[in-house]
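Notes for the one structure printed next.
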Amino acid sequence: MDCIFCKIIEGTIPSKKVFENDRIIAFHDIQPAAPVHLLIIPKKHIPTMNDVADEDASLLAELFAVARQIAKEQGIAESGYRLVNNVNADGGQIVYHLHIHLLGGTKLSPVLTNIQS
Ligand code: 5GP
Ligand code: ZN
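Once you know that position 49 of the sequence shown is 48 in numbering that gives the first Met the number 0, the rest is easy, because the numbers rise by one and skip nothing.
Here it is as structure tokens:
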């Protein structure tokens with residue numbers, strides 16, 4: 000499958016991993032938009048949030064649990080952080096393998112003002 004994140008999961012594309020278990024990996028974004036910018040992804044190839052099935056409910060919950068744990072480990076749980084999931088073209092999705100961006104380590108600019116490009 001021609002998916003960058005599946006290749007990162009397989010190890011054919013290198014990444015700076017911060018977490019891995021049977022279902023999930025997390026690694027540094029190659030083009031960080033903040034001092035902490037990590038991507039948390041399921042090992043299951045789910046293209047977008049639209050493709051999440053009812054049977055994926057516990058996987059999705061675990062993605063957020065991992066995000067919380069990593070935020071703590073990165074020392075930004077209390078200062079704060081942002082979790083982002085872009086969906087399809089208007090949402091700005093570039094990689095079509097479900098992922099949550101974990102952003103923090105600085106005061107982030109407001110995201111819900113002047114949001115149209
Ligand atoms: P999206 O816009 O799809 O939500 O975000 C995709 C993210 O993946 C971007 O922030 C981009 O920098 C990151 N990315 C794309 N290719 C690679 C790669 O090969 N390695 C890593 N670590 N991140 C990548
Ligand atoms: Zn994939």
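Quick reminder that beta carbons are idealized off the backbone N, C-alpha and C, glycines included.
Check: So, using beta-carbon positions, are N85 and H100 closer together than 9 Å?
Finding: yes
Next item on the list: Please check the pair Y80 and A70, which I expect to be a contact at CB under 8 Å, by giving their CB distance rounded to whole angstroms.
Entry: 5 Å
Check: Do M48 and ligand 2 come close, with the Cβ less than 8 Å from some heavy atom?
Finding: no
Margin query: Threshold first: 3 residues or longer. Then list the beta strand (DSSP E) segments lying entirely within the segment 28 to 102, N to C.
Written below: 35 to 41, 80 to 83
Note to self: Going by the DSSP bridge assignment, what does K16 pair with across the sheet?
What the structure shows: F26
Notebook entry, point to check: Does ligand 2 have a heavy atom nearer than 8 Å to the CB of F63?
Noted result: no
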